[in-house]
Each structure stands twice: as structure tokens, then as C-alpha cells.
Amino acid sequence: TQLLEQSPQFLSIQEGENLTVYCNSSSVFSSLQWYRQEPGEGPVLLVTVVTGGEVKKLKRLTFQFGDARKDSSLHITAAQPGDTGLYLCAVYSGAGSYQLTFGKGTKLSVIP
Amino acid sequence: DSGVTQTPKHLITATGQRVTLRCSPRSGDLSVYWYQQSLDQGLQFLIQYYNGEERAKGNILERFSAQQFPDLHSELNLSSLELGDSALYFCASSVVVLYNEQFFGPGTRLTVL
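Residue numbers (the working numbering), protein chains in the order written: chain B, 228 to 339; chain H, 51 to 163.
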């Protein structure tokens with residue numbers, strides 16, 4: 228059983244459309260991170276959310292941490308081809324742990 | 051550029067062989083992490099070193115081992131290679147603080163034939 232379930236697994240949209248991807252779990256977390264990975268590169272951290280109900284904005288990207296701290300969503304407004312990539316959510320598993328556990332990711336393609 | 055370097059970028063070898071992957075962390079980062087990324091399993095944590103000592107172990111096979119040297123660079127050794135070991139191997143480094151950000155290198159693509 229995966230600790231983090233991400234959906235959808237694949238998403239292909241036209242430039243200018245809006246989209247939301249999800250990261251769900253049955254476990255409670257003290258924090259959750261979102262990374263973006265482009266082809267041929269390593270993941271890059273986008274945001275860390277730590278408070279239940281927290282909303283963080285990064286230009287056209289809006290991240291939300293669920294009230295119960297079990298899930299998170301990433302919403303992209305007016306998607307652009309540069310948003311194409313693999314979006315991964317990740318959590319530190321275990322108290323005092325620096326071991327990151329990743330979901331399998333959502334592969335996003337934005338078509339010009 | 052994350053500041054983390056990995057060599058080689060690509061590696062093709064045969065089953066049963068042994069390879070060594072190398073990672074240089076960002077300047078000042080004491081912690082190094084190794085991950086394996088495959089299509090079916092996703093990105094999986096293998097092992098963490100902090101200032102030369104093993105700190106955490108994940109889903110690392112007994113055929114795999116790692117070490118961190120006094121200059122803080124790290125090596126991941128993979129032996130008795132199997133076809134299923136073909137994957138991307140990433141190294142990341144960080145400072146060890148609450149909610150720390152891990153900076154990932156560009157990865158080594160290993161192909162076992």
C-alpha cells in the first residue's frame with residue numbers, strides 16, 4: 228500500500244486551461260512537500276505546507292494542505308507549456324525522520 | 051543548477067557486474083541521500099548519510115552499499131547487478147533542519163543488459 232496516493236496519474240491539457248492534482252493519504256503528517264521534476268533532471272522543491280488548512284501561492288500555482296493534514300492539492304491556473312513535468316508530493320515519514328517518502332506523481336503535459 | 055553533481059550521467063553494464071555512482075553535495079551540506087527512481091516503483095529512498103555516518107536506511111538491497119567520505123562526497127555501490135536494477139539513481143543533499151529542502155542532482159541513468 229502506497230503511503231501517498233496521487234491522482235490523476237497522467238494529465239494532458241491545452242495551454243490556458245486550469246487543473247488540479249491531488250495527494251491523499253490515510254495518515255496524518257506534520258508537513259508535506261510538493262516537487263516538480265522535468266525530464267532528465269532531478270526533482271525541485273516547489274513548496275512546503277505545515278499547517279492544516281494552509282494555502283500557499285506561487286505565481287499561478289496554489290497549494291492547499293487539508294484541514295486534517297492527510298491530503299493536499301495543487302491547482303494550476305492558466306497552464307503553460309513550461310508547467311509540463313512530473314509533480315510529486317512527499318512527506319517525512321516517522322518522528323524525527325529525514326527520510327522522504329514520495330508519491331508516484333502526476334505526469335502533466337501542457338499542449339501549446 | 052542545484053549545486054549537486056553526479057557522475058556518470060549514463061552507465062550501461064551487464065548483469066552480474068558491479069558499478070559505483072558518485073555524488074558531490076552542495077557546498078556546506080552535511081547530509082547526502084540516495085534515491086532510486088523506476089517506472090513502476092516511483093522515487094524511493096535508499097539511504098542517508100550525515101557527516102560520514104549512516105543516518106537512515108530505506109528500501110536498499112543488500113547488494114547495494116554506500117559511504118560518505120571526509121570531503122563529504124558519497125558513493126553508491128551496486129553489485130551483482132540484475133535487469134531490475136535498471137533505473138535512475140538520484141543523489142540529494144541538504145542541511146539538516148526542520149522541514150528541510152533536499153536539493154537533487156541530475157541523476158545517473160543505469161541500464162543493465
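By construction, the Cβ of each residue, glycine as well, lies at the ideal position given by its N, Cα and C atoms.
Since the model is a prediction, treat every value here as computed from it, not as a measurement.
Top-ranked residue by Cα proximity to residue i, from the options
{"i": "CYS73 of chain H", "options": "H:GLN67, H:PHE119 and H:GLN87", "result": "H:PHE119"}
{"i": "LEU96 of chain H", "options": "H:GLU103, H:GLN87 and H:GLY102", "result": "H:GLN87"}
{"i": "SER81 of chain H", "options": "H:ASN127, H:LEU122 and H:LEU163", "result": "H:LEU122"}
{"i": "LEU126 of chain H", "options": "H:ASP51, H:GLU104 and H:SER77", "result": "H:GLU104"}
{"i": "GLU242 of chain B", "options": "B:ALA306, B:GLY332, B:ASP310 and B:CYS316", "result": "B:ALA306"}
{"i": "VAL255 of chain B", "options": "B:GLU232, B:ASP298 and B:LEU285", "result": "B:ASP298"}
{"i": "ALA142 of chain H", "options": "H:HIS60, H:GLY108, H:GLU112 and H:TRP84", "result": "H:TRP84"}
{"i": "LEU138 of chain H", "options": "H:GLY78, H:GLN91 and H:VAL54", "result": "H:GLN91"}
{"i": "GLY155 of chain H", "options": "B:TYR319, B:GLN264, B:VAL276 and B:LEU335", "result": "B:GLN264"}
{"i": "GLN94 of chain H", "options": "B:ARG296, B:CYS316 and B:VAL337", "result": "B:CYS316"}
{"i": "SER253 of chain B", "options": "B:ASP310, B:SER300 and B:ARG296", "result": "B:ARG296"}
{"i": "ALA106 of chain H", "options": "B:TYR325, B:GLN236, B:SER234 and B:SER257", "result": "B:TYR325"}
{"i": "THR304 of chain B", "options": "B:THR247, B:PRO235 and B:GLN236", "result": "B:THR247"}
Unbroken beta strand (DSSP E) run spanning residue i, endpoints
{"i": "GLN98 of chain H", "result": "92-100"}
{"i": "ALA295 of chain B", "result": "Unbroken run through ALA295 of chain B: none, as it is neither H nor E."}
{"i": "HIS10 of chain H", "result": "The structure shown does not extend to residue 10 of chain H, since chain H spans only 51 to 163, so no value can be given for it."}
{"i": "GLY312 of chain B", "result": "312-319"}
{"i": "VAL337 of chain B", "result": "333-338"}
{"i": "ILE240 of chain B", "result": "237-241"}
{"i": "GLU268 of chain B", "result": "Segment: none, GLU268 of chain B is in no beta strand (DSSP E) and carries neither H nor E."}
{"i": "GLU112 of chain H", "result": "Note, GLU112 of chain H: premise wrong, no beta strand (DSSP E); not H, not E."}
{"i": "PHE256 of chain B", "result": "Premise fails: PHE256 of chain B is in no beta strand (DSSP E) and is neither H nor E."}
Amino acids of chain H, ordered along the chain, whose beta-carbon sits closer than 7 Å to that of residue i
{"i": "GLN342 of chain B", "result": "Since the first and last residues shown for chain B are 228 and 339, residue 342 of chain B lies out of range."}
{"i": "GLU268 of chain B", "result": "PRO156"}
{"i": "LYS331 of chain B", "result": "GLY92"}
{"i": "LEU315 of chain B", "result": "LEU93"}
Chain-ordered neighbours of residue i on chain H, where CB pairs are closer than 9 Å
{"i": "LYS284 of chain B", "result": "Ordered by position in chain H, no residue passes the 9 Å Cβ test against LYS284 of chain B, which lies about 18 Å from the chain."}
{"i": "PHE292 of chain B", "result": "Those within 9 Å of PHE292 of chain B in chain H number zero; the least Cβ separation is about 12 Å."}
Below-9 Å beta-carbon distance, residue i vs any chain B residue
{"i": "ASN150 of chain H", "result": "yes"}
{"i": "PHE140 of chain H", "result": "yes"}
{"i": "SER124 of chain H", "result": "no"}
{"i": "SER136 of chain H", "result": "no"}
{"i": "SER74 of chain H", "result": "no"}
{"i": "PHE119 of chain H", "result": "no"}
Cα-Cα separation, residue i to residue j
{"i": "GLU244 of chain B", "j": "GLU151 of chain H", "result": "30 Å"}
{"i": "LEU131 of chain H", "j": "LEU160 of chain H", "result": "10 Å"}
{"i": "GLN229 of chain B", "j": "GLY330 of chain B", "result": "7 Å"}
{"i": "LEU273 of chain B", "j": "SER129 of chain H", "result": "35 Å"}
{"i": "THR57 of chain H", "j": "ASP294 of chain B", "result": "42 Å"}
{"i": "ILE62 of chain H", "j": "THR278 of chain B", "result": "45 Å"}
{"i": "TYR99 of chain H", "j": "ALA64 of chain H", "result": "28 Å"}
{"i": "TYR262 of chain B", "j": "ARG68 of chain H", "result": "31 Å"}
{"i": "ILE240 of chain B", "j": "LYS284 of chain B", "result": "21 Å"}
{"i": "THR328 of chain B", "j": "VAL162 of chain H", "result": "26 Å"}
{"i": "PRO308 of chain B", "j": "LEU238 of chain B", "result": "13 Å"}
{"i": "VAL146 of chain H", "j": "VAL318 of chain B", "result": "15 Å"}
{"i": "SER336 of chain B", "j": "THR311 of chain B", "result": "5 Å"}
{"i": "GLN260 of chain B", "j": "VAL282 of chain B", "result": "13 Å"}
Any C-beta of chain A under 9 Å from that of residue i
{"i": "ALA116 of chain H", "result": "Considering every chain present, this structure includes no chain A. Its protein chains are B and H."}
C-beta neighbour in chain H for residue i, strict 9 Å
{"i": "LEU301 of chain B", "result": "no"}
{"i": "LEU272 of chain B", "result": "yes"}
{"i": "THR275 of chain B", "result": "yes"}
{"i": "GLN241 of chain B", "result": "no"}
Chain-ordered chain H contacts of residue i [CB-CB under 8 Å]
{"i": "LEU246 of chain B", "result": "Under the 8 Å cutoff, chain H gives no residues; its nearest Cβ is about 21 Å from LEU246 of chain B."}
Per-residue contacts from residue i into chain B (C-beta, under 7 Å)
{"i": "VAL146 of chain H", "result": "TYR325"}
{"i": "SER52 of chain H", "result": "GLY269"}
Partners in chain B for residue i, counting only beta-carbon separations shorter than 8 Å
{"i": "SER81 of chain H", "result": "TYR325"}
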